[in-house]
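Okay, so here's the structure we're looking at.
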Amino acid sequence: MSNNFGKNTILITGATDGIGFEFCKLYAGLNYNIIATGRNEAKLSSLKLNFENKYGITVNTFAADLSQPEEIFKLKDYIDSLESNIDILINNAGAGVLGEFAETDLQKELSMININITALTVITKAVLKKMLINGDGKILNVASTAAFKPGPMMAVYYATKSYVLSFSQAIACENKGSGITITVLCPGPVNTKLLKESASVELRHAEYDKMADPKDIALCGKKALDENKLVCIPGIKNKFNAMIVKIIPSKFLSDILYKSKKNLF
1452 MSNNFGKNTI LITGATDGIG FEFCKLYAGL NYNIIATGRN EAKLSSLKLN FENKYGITVN
1512 TFAADLSQPE EIFKLKDYID SLESNIDILI NNAGAGVLGE FAETDLQKEL SMININITAL
1572 TVITKAVLKK MLINGDGKIL NVASTAAFKP GPMMAVYYAT KSYVLSFSQA IACENKGSGI
1632 TITVLCPGPV NTKLLKESAS VELRHAEYDK MADPKDIALC GKKALDENKL VCIPGIKNKF
1692 NAMIVKIIPS KFLSDILYKS KKNLF
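Each residue of the sequence shown is one higher than the one before, counting from 1452 in our numbering.
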């Protein structure tokens, strides 16, 4: 891996679109070298060319389909082989599946579990071990406000985000005093391709224009990292919703969420 002397390095998964791309722009502007991962080699090549020319940084890319276990471990091997430090890890790659569980595609859900849980876990372990040797580093795992509640019509997706939240809180506790901080970012609906790609049919009533801008979510995530926050929930409405779901009976809450998702079609 090439590197510019004196610059910090950030590794970002799901780097070519949405929140991940906004994190790339944000940290490139702060003079960080970037390790960008994603499935689309053409988009990764474009990102590398554009960012190196615009910001004068080094961008290294690694194409990997994190829905496939063998690809996850190829990325782990690449991380293990790096001689330079990784100062920040942002586990942003994610996928969703929308629909009633009895009818959704099992293979798509297993692929989603690989992206949202398996890859995040493997990559976090690989990077954390390197950070512990250096006694310094920051890790941000992108979850969702879905982590705080059941998710009828997106049952497996919500469950994966609950895993990300619980996992992040646990390893943050384990690494207190180590110089490593763990942050879990829990945005509400964001105007990215995730929701569109999660459904097998067009969502006629999805109000994308009312969803959060990925740039704003990346800015919130960076602020949380700078402040060493454990849990970051962008937006007052989302903070309130995450709090109120704790006192609403789960059956009643599930009914409300089920109806809201059904109304997307």
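All C-beta atoms in this analysis are idealised placements derived from N, C-alpha and C, irrespective of residue type, glycine included.
Rounded to a whole number of angstroms, what is the C-alpha to C-alpha distance between residue i and residue j?
i	j	result
K1458	G1672	21 Å
L1557	M1605	13 Å
S1711	D1531	44 Å
N1682	D1468	Residue identity differs from the one stated: residue 1682 is Val in this sequence, not Asn. Taking the straight line joining both Cα atoms gives about 23 Å.
I1568	I1707	26 Å
K1450	A1663	Because the chain spans 1452 through 1716 in this model, residue 1450 falls outside it and cannot be assessed.
A1610	G1547	11 Å
F1456	G1550	Confidence at F1456 is low in this model, with a pLDDT of 46, below 50, so its placement is unreliable and the value that follows should be read with caution. The alpha-carbon atoms of F1456 and G1550 are separated by roughly 49 Å.
S1453	L1481	Confidence in S1453 is poor, its pLDDT being 48 and thus under 50, which makes the residue's placement unreliable; the coordinate value appears in the next sentence. For S1453 and L1481, the distance between alpha carbons rounds to 18 Å.
N1484	K1661	33 Å
L1462	F1599	27 Å
K1674	N1536	22 Å
K1680	A1621	14 Å
E1521	D1528	11 Å
A1650	T1464	22 Å
S1617	N1626	15 Å
T1555	L1561	11 Å
S1497	S1705	43 Å
A1479	A1693	32 Å
Q1519	I1633	26 Å
E1492	V1615	27 Å
Do residue i and residue j have their C-beta atoms within less than 9 Å of each other?
i	j	result
I1574	I1631	no
V1607	I1564	yes
A1487	F1524	no
A1669	F1474	yes
Y1659	L1646	yes
S1394	V1641	The structure shown does not extend to residue 1394, since the chain is modelled only from 1452 through 1716, so no value can be given for it.
S1701	P1638	no
L1571	N1592	yes
A1515	G1545	no
Within 10 angstroms of its Cβ, does residue i collect 16 or more other Cβ (buried), or is it exposed?
i	result
L1517	buried
F1703	exposed
S1629	exposed
K1688	exposed
I1699	exposed
N1714	exposed
F1472	buried
G1588	buried
N1504	exposed
L1500	exposed
F1722	This structure cannot speak to residue 1722, because the chain is shown only from 1452 to 1716.
Kindly indicate the opening and closing residues of the alpha helix (DSSP H) around residue i.
i	result
I1698	Run containing I1698: none; DSSP gives neither H nor E here.
G1507	That residue, G1507, is in no alpha helix (DSSP H); it is neither H nor E in DSSP.
G1586	No alpha helix (DSSP H) holds G1586; DSSP gives it neither H nor E.
I1568	It is not in any alpha helix (DSSP H) - I1568 carries neither H nor E in the DSSP assignment.
Compare the C-beta of residue i with all C-beta atoms of chain D and state if any pair is closer than 9 Å.
i	result
E1554	Absent from the structure: chain D. Only one protein chain is present.
What residue ranges within the region 1518-1555 form continuous alpha helix (DSSP H) runs of no fewer than 4 residues, ordered along the chain? 1520-1532
Please give me, in chain order, every unbroken run of the alpha helix (DSSP H) with length at least 4 that falls completely inside the region 1597-1653. 1606-1625, 1644-1649
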